[in-house]
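Peer 1:
Chains as they are written, first to last, in my numbering: chain A, 3 to 119; chain B, 2 to 113.
1. Tell me, please, which residues DSSP counts as bridged to residue 62 of chain B.
2. By the DSSP assignment, the beta strand (DSSP E) with residue 33 of chain B in it spans what residues?
3. Rank A:9, A:15, A:10 by C-alpha distance to the C-alpha of residue 85 of chain A and give the top, closest one.
4. Should residue 183 of chain B go down as buried or exposed, given a rule of 16 or more other Cβ atoms within 10 Å for buried?
5. Please decide whether residue 108 of chain A counts as near chain B, where near means a Cβ-Cβ distance under 8 Å.
6. Please classify residue 29 of chain A as buried or exposed, where buried requires at least 16 other C-beta atoms within 10 Å of its C-beta.
7. Under 8 Å, Cβ to Cβ, is there at least one residue of chain B near residue 32 of chain A?
8. When the distance is taken between beta carbons, is residue 22 of chain A closer than 8 Å to residue 80 of chain A?
9. Could you please give the first and the last residue of the uninterrupted beta strand (DSSP E) stretch that includes residue 15 of chain A?
10. Enumerate in chain order the residues of its own chain whose CB-to-CB distance from residue 48 of chain B is below 7 Å, with the five nearest sequence positions on each side excluded.
11. Are any of the Cβ atoms in chain A nearer than 8 Å to that of residue 50 of chain B?
12. Please return the same chain residues whose Cβ sits closer than 6 Å to the Cβ of residue 24 of chain B, not counting the five positions on each side in sequence.
13. I'd like to know if residue 112 of chain A contacts chain B, where contact means its C-beta is closer than 8 Å to some C-beta of that chain.
14. Of all the residues that make up the segment 18-44 of chain B, which are near chain A by a beta-carbon distance shorter than 7 Å?
15. Tell me which residues of the segment 36-57 of chain A have at least one Cβ-Cβ distance to chain B shorter than 9 Å, keeping chain order.
16. Helix or strand or just coil, what does DSSP make of residue 112 of chain A?
17. Answer with buried or exposed for residue 10 of chain A, where buried requires no fewer than 16 other C-beta atoms within 10 angstroms of its C-beta.
18. Going along the chain, which residues of its own chain have a beta-carbon closer than 6 Å to the beta-carbon of residue 33 of chain A, five neighbours each way excluded?
19. Which first and last residues belong to the beta strand (DSSP E) in which residue 83 of chain B is found?
Listed below in structure tokens is the structure:
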């Protein structure tokens, strides 16, 4: 595997289900991100992990719970979602310097298309 | 409040002609800008970037122009090819923050 992979690619879930999205990066990066893309809207940053530590939670509802067990893996745990949470969820990674900032671009996975019924 | 805006949701261009995609931003602290390209069923892929110390960066058929006073950047593709048909996102960042702000994208259609 190369680059950034995401599983599953498609997910349909009911509002009472619990599911998890998985992201893995094979680039040796030390920062990972979750984005949400709704139709005709900008990518919305949800969470940032630098060196496995969460450094950003962009006012995301608690029904979304991220987990970063190591610098290569990132999960997004989903619980009691709403239909308006249906969107494309994108994972990305980048290499940052220890101070936390970087001019390096982010590499994206293909996304998980989530539908909440 | 959206800090990066792409006001044209779509653009159609004839093959061989120039494609110009535009992006405006509101935060004068942004000092690094990127363009990403996205095909259906794939994640965005990095295309080209520019830092605020420059006003132009060129890479093959792709050139990004930055006008800091107008808070505007544009991506020029010349000559346009059918394979360039995709959604293009611009993004902006501040050097001190590991966070990118994205526009809503412009769908480019290059007609053969």
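Cβ coordinates follow ideal geometry from the N, Cα and C atoms, glycine included. Since this is a predicted model, take the numbers as computed values, not measurements.
Peer 2: From the atom records:
1. Working through the second chain from its first residue, we reach residue 62 of chain B at position 61. Per DSSP, none; premise fails for residue 62 of chain B.
2. If you number the second chain from 1, residue 33 of chain B lands on position 32. Counted as a single uninterrupted DSSP element, the beta strand (DSSP E) harbouring residue 33 of chain B occupies residues 33-39.
3. In the first chain, the residue the question calls residue 85 of chain A occupies position 83. The option with the nearest alpha carbon to residue 85 of chain A is A:15.
4. With chain B represented from 2 up to 113, any question about residue 183 of chain B goes unanswered, as that position is not in the structure.
5. Taking the first residue of the first chain as 1, we reach residue 108 of chain A at position 106. Contact with chain B is found for residue 108 of chain A, since one of that chain's Cβ atoms lies less than 8 Å from the residue's Cβ.
6. Stepping through the first chain from its first residue, residue 29 of chain A is reached at position 27. Per the 10 Å Cβ criterion, exposed.
7. Here residue 32 of chain A is taken as the residue at index 30 of the first chain, counted from 1. No, no contact with chain B.
8. Position 78 of the first chain, counted from the start, is the residue given in the question as residue 80 of chain A. Position 20 of the first chain, counted from the start, is the residue given in the question as residue 22 of chain A. Taking 8 Å as the Cβ cut-off, residue 80 of chain A and residue 22 of chain A qualify as a contacting pair.
9. Taking the first residue of the first chain as position 1, residue 15 of chain A is located at position 13. The continuous beta strand (DSSP E) containing residue 15 of chain A extends over residues 12-15.
10. Counted from its first residue, the second chain places residue 48 of chain B at position 47. For residue 48 of chain B, the CB contacts under 7 Å within the same chain, skipping 5 residues up- and downstream, are 36, 37, 38, 63 in chain order.
11. Position 49 of the second chain, counting from 1, holds the residue named residue 50 of chain B. Yes, because at least one Cβ of chain A sits closer than 8 Å to the Cβ of residue 50 of chain B.
12. As a working note, residue 24 of chain B is residue 23 in the second chain. Within its own chain, the residues whose Cβ lies closer than 6 Å to the Cβ of residue 24 of chain B, once the five positions on either side in sequence are excluded, are 7, 74, 91, 104, listed in chain order.
13. On the first chain, position 110 is the one that residue 112 of chain A refers to. Closer than 8 Å to the CB of residue 112 of chain A there is at least one CB belonging to chain B.
14. If the cut-off is 7 Å between Cβ atoms, the segment 18-44 of chain B has 33, 35, 42, 43, 44 near chain A.
15. Residues passing the 9 Å Cβ filter: 37, 39, 42, 43, 44, 45, 46, 47, 50, 52, 57.
16. As a first step, residue 112 of chain A must be located in the first chain, where it is residue number 110. Correct three-state label for residue 112 of chain A: coil.
17. Stepping through the first chain from its first residue, residue 10 of chain A is reached at position 8. Here residue 10 of chain A is exposed: its Cβ has fewer than 16 other Cβ atoms, across all protein chains shown, within 10 Å.
18. To locate residue 33 of chain A, count along the first chain from 1; it is residue 31. Short of 6 Å from the beta carbon of residue 33 of chain A, and not among the five residues preceding or following it, lie these beta carbons of its own chain, in chain order: 52, 96, 98.
19. Locating residue 83 of chain B in the second chain gives position 82, counting from the first residue. Judged by DSSP secondary structure, residue 83 of chain B falls outside any beta strand (DSSP E); it is assigned neither H nor E.
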